[in-house]
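A short worksheet on the structure shown next.
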Amino acid sequence: TGVQTCALPISIQKTPTLKELDLSRNSLGGSPKLISSLAKCLAGDEIAVWRPSRLNSSRRVHQSIAPHITSLKLVDCGIKRSSEIKIIAKSLSLMEGIDSQNDSPKHKQVLTNLDLSKNKFGNDGCRYLLKLCREKGTSLKNLGMVGCNVSSKNLKVLSDQLRCNNSILQTIGFSSDVSLAILDSVVTMENMFGNKNKS
-14 TGVQTCALPI
-4 SIQKTPTLKE
6 LDLSRNSLGG
16 SPKLISSLAK
26 CLAGDEIAVW
36 RPSRLNSSRR
46 VHQSIAPHIT
56 SLKLVDCGIK
66 RSSEIKIIAK
76 SLSLMEGIDS
86 QNDSPKHKQV
96 LTNLDLSKNK
106 FGNDGCRYLL
116 KLCREKGTSL
126 KNLGMVGCNV
136 SSKNLKVLSD
146 QLRCNNSILQ
156 TIGFSSDVSL
166 AILDSVVTME
176 NMFGNKNKS
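Residue 131 in the numbering used here sits at position 146 of the sequence shown, with consecutive numbering throughout.
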């Protein structure tokens, strides 16, 4: 299958009822225009659309629709460059969309599930995803990264961060480090009492 550069952002942006998007096994890697187009619609950036006007003519206007994709699959898309992961992560970043007038995000991100499995972007690409997952208020909860040439150490760090993101402690305002410390303490206590009960 293949996707068209110009049609991708417009069709996705104009369909706010679309929640789950699967672009797996499309050759997105190595095509900056396709990656940028995808990032544009994930970020809720303005797109140019043609609207009817008087005298049977049409005019080009810019339209902005808030992000609405909650689940995105990009499995085996040939994404190998860390710069491509950076573009995707940047589009999902709340920090990049901050309105300078009131210091609040222009759009609230809603993407919770992202599957990037079988893309060989390695540790360099992973660091951009980790930075994204560490953002306060991020919506990302699940991240598929099977076969991405990422070290087990970095996968462990990312896994811990996602575990923190899924914690109620994080949603009520605790920082990542504090949340993980509390979670680990709770798990340790449960293991201790669990072992006692079994003896």
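Built from N, CA and C at the ideal position, the CB exists for glycine as well. For clarity, every value in this text was computed on a predicted model and none was experimentally measured.
Legend entry - Rounded C-alpha distance that separates K25 from M80: Roughly 15 Å between the two C-alpha positions.
Legend entry - Spatial neighbours of I72 in its chain, beta-carbon cut-off 6 Å, leaving aside the 5 residues before and after: Around I72: I20 and A24.
Inset, instruction - Assess, as a yes-or-no matter, whether the stretch 95 to 115 is touched by the stretch 123 to 142 under the definition of 3 or more beta carbon pairs within less than 8 Å. - result: Inter-segment contact for the stretch 123 to 142 and the stretch 95 to 115 is present: three or more beta-carbon pairs are separated by less than 8 Å.
Legend entry - Counterpart residues of E5 in DSSP-defined beta bridges: E5 has S56 as its beta-bridge partners, per DSSP.
Inset, instruction - Could you spell out the range, first to last residue, of the beta strand (DSSP E) harbouring G129? - result: Run containing G129: N127 to G129, per the beta strand (DSSP E) assignment.
Legend entry - L99 in three-state terms, based on DSSP: It is a strand residue.
Legend entry - Cα-Cα separation, G14 to L99: Roughly 16 Å between the two C-alpha positions.
Legend entry - C62 in three-state terms, based on DSSP: Note: C62 maps to coil in three-state DSSP.
Inset, instruction - Would you tell me roughly how many angstroms separate the C-alpha atoms of G129 and I(-3), rounded to the nearest one? - result: Approximately 22 Å, taken between the alpha carbons.
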